[in-house]
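The block underneath contains the structure these notes are about, expressed in structure tokens.
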DNA sequence: GTGAAAGCGCTAACAA
DNA sequence: TTGTTAGCGCTTTCAC
């Protein structure tokens, strides 16, 4: 690919003139401009983003780290982030955390090697301390769906506890008392928080918690299937269910189908959903939307603000929970 | 971030010595090496991939272009590609074609601006001519799921026609005669090819094609739902169905559920599936696997070969179709 | 309005 | 085994 040098030579001007014309800085004789533009066209010239990065000590690249690419959830985030960066003519770099602290560390290292101007991190395995330490570094970053008090101005969060309570209340308000809850791996804080929301809503109604109704899954389809089997083997079966992950819900629905358990007649279901995946279930499951696109959007705005060293309203950075009604919940009252 | 200069200064050596130590080229006094390593550690030094790219006129970046990020299909590809590039310490850059020739052009432009060493393109909208023209360029690339005779050594393909015929035959062999087919947008070659496979299989059995059984969809859930409604309104309903896309199949199943059409008792279904998404349907739908991960794997190998200017066996580059049995097909014989 | 020259952080001859 | 020097392709002072 042609370099600026060749363009300059062909146009009979100095490299710096070409550079100025590319960047539209200053003014030039129209004749000069024309000659340079012709030369660029003729050589099919495109400035090297790499060389430019080096010269202006910023890369125009943003790193986006997620835990895994597959499953649709990531696609939503990435799509949103890419869309906005496209407008700003920035490059998006992605990396997977691979479900481990080490993987996340490596991903960030990669971003640093490429001198990304900023990161958006969906970090699950790095400790608060590590992230706080990272924040002392000069490269700005934003945490997606994670809250750390000390760096809260870099966090875009969703109140999972409140959201889970909302979902549970939705069932309670419709007369359900015996409500099951299928959680994610309880080793993760994010799963714990959802469970807490469920517990709170139950307690608020003065209902005693039945530990049999709590089943731990791993967010995968099979675990939902197994959880449902377990719940349906109980003597006192729940009349409703809160599933904290859409894939698990698919497993739950599959079990229902196979065992001829009717939803919502025999059991009502409400489920977390981040990618509108429950829309494809039959019956259509009522969901608690995990607004990952909105959050990704906020993350980009926030990162941009950090890059420009502006400050932004804290208020907008937490997205509110919303329920999307399907027909998987029956009203018992 | 510290530069090589600072490391050199701190260690009391020349920059090139540091460079050599980083790259493990040549041999050094153990004392020198130790001092340099200490300096690097102390400054938390990481070489700039950008500066390095410039110096060694190759970037270690690979561009992956897809039509869209959402939907899971892309995640599979990306995951596979990233995994392999990680091993080789290469950077992955991604871009969306946004369902237009212009979008695809822009994506490639972006890769070029960053001086990617090679591309993997899932191109749908650029013409054969444009792609052939691109192949005259110095940057090597591989076409994913697209065949162009003139540059076939750069193509990783899947025989959709054969695959579709296989799926249709699967139904025929089980005694089905009245087989519906839900296609993608017939404006796209990729949809046409699948339809041709279906037609061929039917014709081979000496069965006349019933045009009523052909319904055009757009690969989205809703279009599957609508297609099913249309097919079920026919006087002579099909006993089986070949769906050329998993999302459409979800719509089809949803319609069945709502209308109390039993699968497979009332209708048998076989479906394309690229992301194992039909596994979550109930009943579990028999699928024709679209082996996108395998293909992505092949694409990386092929691209690597091109980068090293090696040649590879053509034979491996076409992946064979495979059927994964569920319980959505009934045997009428 | 344009050119000359230095510099971004690194690598790669060529010497020593 | 190590240093010197030039150069990768661009931007950015500082002159003129």
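Protein chains in written order, with full-length UniProt numbering: chain A, 1 to 333; chain B, 1 to 333. Each residue gets a CB set at the ideal place from its N, CA and C atoms; glycine is no exception.
Neighbour flag for residue i against chain A, beta carbons, 8 Å
i: residue 141(B); result: no
i: residue 91(B); result: yes
i: residue 280(B); result: yes
i: residue 283(B); result: yes
i: residue 221(B); result: yes
i: residue 7(B); result: no
C-alpha gap between residue i and residue j, whole angstroms
i: residue 79(B); j: residue 96(B); result: 15 Å
i: residue 172(A); j: residue 259(A); result: 25 Å
i: residue 247(B); j: residue 10(B); result: 60 Å
i: residue 124(B); j: residue 151(B); result: 16 Å
i: residue 213(B); j: residue 181(B); result: 6 Å
i: residue 234(B); j: residue 210(B); result: 11 Å
i: residue 358(B); j: residue 64(B); result: This structure leaves residue 358(B) out entirely; chain B is present only between 1 and 333.
i: residue 164(A); j: residue 7(B); result: 52 Å
i: residue 196(B); j: residue 231(B); result: 19 Å
i: residue 24(B); j: residue 16(B); result: 12 Å
i: residue 324(B); j: residue 273(B); result: 10 Å
i: residue 130(B); j: residue 31(A); result: 33 Å
i: residue 207(A); j: residue 256(B); result: 39 Å
i: residue 161(B); j: residue 186(B); result: 14 Å
i: residue 315(B); j: residue 300(B); result: Reliability of the predicted coordinates at residue 315(B) is poor, the pLDDT of 40 falling under 50, and the value obtained from them is presented with this limitation in mind. Approximately 15 Å between the Cα atoms of the pair.
i: residue 149(B); j: residue 137(B); result: 18 Å
Beta-carbon gap between residue i and residue j smaller than 8 Å
i: residue 111(B); j: residue 290(B); result: no
i: residue 281(B); j: residue 250(B); result: yes
i: residue 117(A); j: residue 49(B); result: no
i: residue 105(A); j: residue 126(A); result: yes
i: residue 326(B); j: residue 278(B); result: yes
i: residue 298(A); j: residue 275(A); result: no
i: residue 154(A); j: residue 143(A); result: yes
i: residue 271(B); j: residue 76(B); result: no
i: residue 227(A); j: residue 217(A); result: yes
i: residue 284(B); j: residue 140(B); result: no
i: residue 93(B); j: residue 120(B); result: no
i: residue 264(A); j: residue 215(A); result: no
i: residue 302(B); j: residue 81(B); result: no
i: residue 26(B); j: residue 20(B); result: yes
i: residue 102(A); j: residue 122(A); result: no
i: residue 184(A); j: residue 147(A); result: no
i: residue 261(B); j: residue 269(B); result: no
i: residue 254(B); j: residue 225(B); result: yes
i: residue 54(A); j: residue 54(B); result: yes
i: residue 115(B); j: residue 190(B); result: no
Interface partners of residue i on chain B, CB under 8 Å
i: residue 113(A); result: 46, 47, 48, 49
Interface flag, residue i vs chain B, CB-CB below 8 Å
i: residue 110(A); result: yes
i: residue 315(A); result: Residue confidence for residue 315(A) is low, a pLDDT of 40 falling below 50, so the modelled location carries little weight; the figure read from the coordinates is stated next. So no, residue 315(A) is outside the interface.
i: residue 74(A); result: yes
i: residue 259(A); result: no
i: residue 54(A); result: yes
i: residue 248(A); result: no
i: residue 254(A); result: yes
i: residue 79(A); result: yes
i: residue 326(A); result: no
Under 9 Å by beta carbon: chain B residues contacting residue i
i: residue 82(A); result: 69, 94, 95, 96
Residues that residue i contacts on chain B, provided the C-beta gap is smaller than 7 Å
i: residue 144(A); result: In chain order: nothing, as chain B lies at least about 16 Å away.
Heavy atom of the ligand SAM within 7 Å of residue i beta-carbon
i: residue 245(A); result: The ligand SAM is not part of the structure shown, which contains no ligands of any sort.
Proximal residues of chain A, C-beta to C-beta of residue i below 8 Å
i: residue 59(B); result: 50
Inset, instruction - Count the C-beta pairs between the stretch 167-186 of chain A and the stretch 229-240 of chain A that are closer than 8 Å, then say yes if the count reaches three, no if not. - result: yes
Inset, instruction - Count the C-beta pairs between the stretch 64-75 of chain A and the stretch 85-103 of chain A that are closer than 8 Å, then say yes if the count reaches three, no if not. - result: With the cut-off at 8 Å, the stretch 64-75 of chain A and the stretch 85-103 of chain A touch.
Inset, instruction - Assess, as a yes-or-no matter, whether the stretch 84-94 of chain B is touched by the stretch 35-44 of chain B under the definition of 3 or more beta carbon pairs within less than 8 Å. - result: no
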